[in-house]
Amino acid sequence: MSDGISKCSPSRVGYARVSSISQNLDSQIDALKTAGCGKIFTDKMTGSRMNSPGWEAAGRAAAKARGKRGGRPRPHIEKCENARILYENSDKTAAEVCEQTGVGRRTFFSYLLQCRKESSEQAEAESY
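Each residue of the sequence shown is one higher than the one before, counting from 1 in full-length UniProt numbering.
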């Protein structure tokens, strides 16, 4: 690896960038293809602080290949449903239910609000 290019597998992505529109990306793209990169994203721009759509797309593609979808993980619906049932069928406070079931309070109240909204929409639809 004396040329500074790491070997890429087809599941990895390559990124080529030049700092001016008049420059040519061909040599970088050829080097990435030779290294075995499956997807190559490119950017032509001036300045180091500009948005890099190619870099962002390369990052999203790499994250997708690793199975990352972005955002916070959502709790299992079963856990929230168990917390809702426990809350509605006992005299425990929401804080106690959340502590017992391992569901965050904000998540629990969001789920509870969503369930009640769906229930009222369903009742309204049935009344027509």
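Backbone N, C-alpha and C define an ideal beta-carbon position, used for all residues, glycine too.
At the C-beta level, residue 29 and residue 40 come within 8 Å of one another.
Three or more Cβ pairs drawn from the region 49 to 69 and the region 11 to 19 lie within less than 8 Å of each other, which places the two stretches in contact.
Judged by DSSP in its simplified three-state form, residue 44 adopts strand. Residue burial is scored here from C-beta neighbours: residue 123 has fewer than 16 other C-beta atoms within 10 angstroms and is therefore classed as exposed. Annotated as proximal: residue 86 and residue 101, with beta-carbon spacing under 8 Å.
Here the alpha carbons of residue 94 and residue 127 stand approximately 31 Å from one another. In this structure, DSSP gives residue 102 a state outside helix and strand, which the three-state scheme calls coil. Looking at the DSSP output, residue 97 bridges to nothing. Around the Cβ of residue 113, a 10 Å sphere holds fewer than 16 other Cβ atoms; the residue is exposed.
Taking all protein chains in view, the Cβ of residue 26 is surrounded by fewer than 16 other Cβ atoms within 10 Å, so the residue is classified as exposed.
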